[in-house]
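J.:
Following this line, the structure appears as structure tokens:
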């Protein structure tokens, strides 16, 4: 069996199916869950996808990218027994067969592998056998259920056989689905029964569990009320856990959304104590310079750093969006909410909004922030200890010296200082009254600028779809549109994010780590977009509602194009089933996130939407550095000594200068850390002056090599590997930089491309 995957290096690190450069990880082991039990008993315990409700599990390979390669056939399924009505077993579909069409229609279009690929200035989406087979299966479902599968037995493309099976004739989706669509309504009811059983039988991660609970709530069916109430009451006495371990930011964000919806429906005051505790976390757990959250709370991180420990993971936009949506729901329901924290995340979204679209990266762009040393250690204290905000700001701070810039940047003598921040520190004194002060232990304080953004006075035009951080953008849409109808500028921004989510319809399965999380929030936000944009979003992605539904009625995660795909373990069936139920329950309008305008009870159909509209093609996706890993899974990363790092950096600069002189540099979009705008590298001089130009504009800025930090240098090494794909030394250099960042798996991928000679030459730097 051939493993799939080909990373065409135009801005990504992994293949759609998984995982690394020039190979796909169809060998990823799937968890032991009831839905996989039969396959695993037969010795098949790796990643695969359903061919709709046929009972066939398959993969898509580079050898046969237009077909489905069969890896398993469920015993009690249409593909094994021939008919959904009988128990007659035909056994005509075998492992190793290629499914190459159905009902006389041959699959033609091959799938394009790779992460964040752009082909002809257009993201290829999931076009290929998935999108071509979907209408053939739907046509059978809309008639008598007959599906004549075209098969190359045993993978022999010289022979084509027809295997007739019958799937349940459940009808087609309406043109306006999920609205005015009996099939959508039926699926919601069936899925909620599956979700309720699974929720009772097994423990689930917080985000998976809350997707499931929200789906049950969105159904509006009374039989789930006791389950919902029990979960709402389960944590009501728990503390805020501001100094807890683990990844509490994610769970606290999701729990707030669930409790916000629950309180708005029930006004159950028993959950108010937990809501207050969550508000405490949202207020003090935030990275105030960005408006995002790390995995852990800010006090936990700062206290660790103050004690000499590592800085750890930076702040992310998605948990900030989760927290803001929770706070908006509290506001909508009349529950207490922290105005300060709510406003800070709003400002983060404002900073990331351009006229044409929402450009939220992995994290929000940060505002100016500087470490200072106060002469009097009693000044600028929080009253709660290290990592908390001072209630008096700079009011009582007199004499101080500037120490350095930012939490994730070095001091004034380090290469990683943002020079543009150093050049102007006048805001420290000029804006004393509004600056935020965070206690950092001893004499150290972090001062964060707190500028008031210019609020929008008219709607955005929104021409660009979201291409990254889909969850953050979708959450921003809902967080601004829910509970904030008295704020016109917030509604403008929310609508902008909703339209940006809808216009990014081809990116629905390109979410970092868990595409299921991104899928839900981008999809629900798209439902708030202009009518034609939402219709185009649903029309394009209808294949998912057909192809990812199993023969048992549940849904499976779609393979994820992101370089950190963990979907095999993030609710392989449960999250996907909950997401399908939530999207198809939009007409019921039971929750704020599914369109309710107030407390809802009972199913009320909504009006239909219009026909689909063609949308503008997307621009190229920028290069972006892969996020830092908490740990590696293959081996420990080796370290470079300081003098060897200097040698490597000099080689990198010489290579960039040579490429510049040769005219090889091209407008490849880059996500550099010193700007929230996309830029491309225009020229590099031998003296170490780099010239960057905005991708969307003509503005040019020069940067000294000494002001380019290590992460950005690593990104430039990857750019060289892209521009000089046939250079083994370029691949080896990229591998070394990846390893210096602790990214061992990516490093080994580049070492393989480099070959032994180049690899050994560059690896000698580690000796």
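In our numbering, the protein residues as written are 4 to 770. Don't be surprised by glycine CBs; every beta carbon is placed ideally from N, CA and C.
Could you say which of 640, 370, 528, 74 lies nearest to residue 96 if we only look at CA atoms?
T.: 74
J.: Would residue 172 and residue 246 qualify as a contact pair, given that the criterion is a beta-carbon distance under 7 Å?
T.: no
J.: Using three-state DSSP, classify residue 686 as helix, strand or coil.
T.: strand
J.: Compute the beta-carbon to beta-carbon distance between residue 354 and residue 367, rounded to the nearest angstrom, for a pair I have assumed lies under 8 Å.
T.: 7 Å
J.: Residues in its own chain within less than 7 Å of residue 67 by CB, not counting five upstream and five downstream?
T.: 101
J.: Classify residue 53 as helix, strand or coil using the three-state DSSP reduction.
T.: strand
J.: From 504, 524, 520, pick the residue whose C-alpha is nearest to that of residue 533; which is it?
T.: 504
J.: With DSSP collapsed to three states, give me the class of residue 586.
T.: In the structure shown, residue 586 sits in a helix (DSSP, three-state: H, G or I).
J.: Give the DSSP bridge partners of residue 151, in chain order.
T.: Partner(s): 167.
J.: Let me know if residue 117 comes out buried or exposed under the rule of 16 or more other beta-carbons within 10 Å of its beta-carbon.
T.: Its Cβ being crowded by 16 or more others within 10 Å, residue 117 is buried.
J.: With C-beta atoms as the reference, is residue 1 less than 7 Å away from residue 593?
T.: No answer is possible for residue 1: it lies beyond the span of the chain, which begins at 4 and ends at 770.
J.: With DSSP collapsed to three states, give me the class of residue 387.
T.: Residue 387 falls in the coil class under three-state DSSP.
J.: Please determine if the segment 281-289 and the segment 439-456 are in contact, where contact requires at least 3 C-beta pairs separated by less than 8 Å.
T.: no
J.: Got a sec, what are the start and stop residues for the beta strand (DSSP E) residue 103 sits in?
T.: 101-105
J.: Would you call the CB atoms of residue 578 and residue 211 closer than 7 Å?
T.: yes
J.: For the beta strand (DSSP E) containing residue 72, name the first residue and the last one.
T.: 71-76
J.: Are there 16 or more other CB atoms within 10 angstroms of the CB of residue 17, so buried, or fewer, so exposed?
T.: Residue confidence is low: residue 17 scores 30 on pLDDT, short of 50, so the model does not pin down where it sits. No coordinate-derived value is stated.
J.: Using the Cα positions of residue 641 and residue 110, report the straight-line distance between them to the nearest angstrom.
T.: 47 Å
J.: Tell me where the alpha helix (DSSP H) around residue 734 begins and ends.
T.: Residues 731-743.
J.: Indicate the three-state DSSP secondary structure (helix, strand or coil) for residue 289 in the structure shown.
T.: In the structure shown, the three-state DSSP call for residue 289 is coil.
J.: Does DSSP put residue 179 in a helix, in a strand, or in coil?
T.: In the structure shown, residue 179 sits in coil (DSSP, three-state: anything other than H, G, I, E or B).
J.: Report yes if the C-beta distance between residue 322 and residue 254 is below 7 Å; otherwise report no.
T.: no
J.: Report yes or no: do three or more beta-carbon pairs, one from the segment 754-761 and one from the segment 733-744, lie closer than 8 Å?
T.: yes
J.: For my contact list, residue 776 and residue 448 are in at a C-beta cut-off of 8 Å; report their separation, rounded to the angstrom.
T.: The structure shown has nothing for residue 776, since the chain only spans 4 to 770.
J.: Is the segment 309-324 touching the segment 265-281, taking contact as three or more C-beta pairs under 8 Å?
T.: no
J.: Have a look at residue 552 and residue 584 and give me their C-alpha separation to the nearest angstrom.
T.: 12 Å
J.: With residue 538 as the anchor, note down where its beta strand (DSSP E) starts and where it stops.
T.: Element bounds for residue 538: not the beta strand (DSSP E) but the alpha helix (DSSP H), 534-543.
J.: Tell whether a beta-carbon distance below 7 Å holds between residue 479 and residue 352.
T.: yes
J.: Could you work out which residue in 588, 134, 727 is closest to residue 661 when comparing CA atoms only?
T.: 727
J.: Classify residue 187: buried if its beta carbon has 16 or more other beta carbons within 10 angstroms, exposed otherwise.
T.: buried
J.: Does the contact criterion of 3 or more C-beta pairs under 8 Å hold for the segment 491-509 versus the segment 466-478?
T.: yes
J.: Relative to the C-alpha of residue 277, which candidate in 562, 258, 294 has its C-alpha closest?
T.: 258
J.: Would you kindly check if the distance between the Cβ of residue 393 and the Cβ of residue 440 is under 7 Å?
T.: yes
J.: Measure the alpha-carbon distance for residue 77 versus residue 44 and round it to whole angstroms.
T.: When rounded, the separation of the alpha-carbon atoms in residue 77 and residue 44 is 11 Å.
J.: Pick out whichever of 193, 166, 271 has its Cα sitting closest to the Cα of residue 228.
T.: Ranked by Cα distance from residue 228, the options 193, 166, 271 are led by 271.
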